[in-house]
Every structure is written in structure tokens, then in C-alpha cells.
Amino acid sequence: MEEVNMLLKDNLHATALMFRLLREHGFAVSDGVFNRFMDEKGNLKASLRHQTEGLVSLYEASHLAKEGEHVLEEATNFTTCQRTFMSWLK
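Heads up, the sequence shown is in full-length UniProt numbering, so the first residue is 1 and it goes up one at a time.
Have a look at this one:
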């Protein structure tokens, strides 16, 4: 399990993908796996804006949120805002 933690440490894409796949297959996975990507105010770190692949994976994972999972609610808002901004730039 330690190898998995090292792999996921700062990899938003891998973390979100793992979360989504496990949730889709009925495993109880805490949204706390995304805490390392949050700032001290409880928002997703602004530096994540540049991780396009990670944002897409996080957006997909956020649709598997359960009621009261504030980290995933923040993820939905953040990724939707980033997608809107990115499409505006094109």
C-alpha cells in the first residue's frame, strides 16, 4: 500500500482515476484522498489549473460524490470553472 501512496502523492490524475474506478466498482473510498490537493482554506490549489489531464479525471470523479462530501463539491465547482475558462481561451 505504501507504493500506491507514493505513486499517488502529487499525481491528481492517478488519484482521481483510482478514486473513480474504485467507486464505480462499489468500493467505499473517502473523498479525503483529495485533501493533499487542497489549500489551507479548503479550496483546491490554484496550481492545479495547469494539470489538464488531472482536472479532467477529477471532473469525472466528482460526479460520484455522495451527499456531504465537500471536497468533491469543491472539485465540481473548480473543474467546471476551469473548463469554462479554458473553452473561453480557444
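Glycine included, every Cβ here is placed at the ideal spot set by N, Cα and C.
- Residue burial annotation: Gly54 is buried, with at least 16 other C-beta atoms found within 10 angstroms of its C-beta.
- Residue pairing by DSSP places Met38 opposite Leu44 in a beta bridge.
- Thr15 is the residue among Thr15, Ala46, Phe37, Glu67 whose C-alpha sits nearest the C-alpha of Glu60.
- DSSP, read as helix, strand or coil, puts Asp31 in helix.
- Counting the other CB atoms within 10 Å of its CB gives Glu74 a total of 16 or more, which places it among the buried residues.
- Residues of the same chain with their beta carbon placed closer than 8 Å to that of Ser47 are lacking, with the five preceding and five following residues left out of the count.
- Following the DSSP letters along the chain, one finds Leu64 in no alpha helix (DSSP H), marked with neither H nor E.
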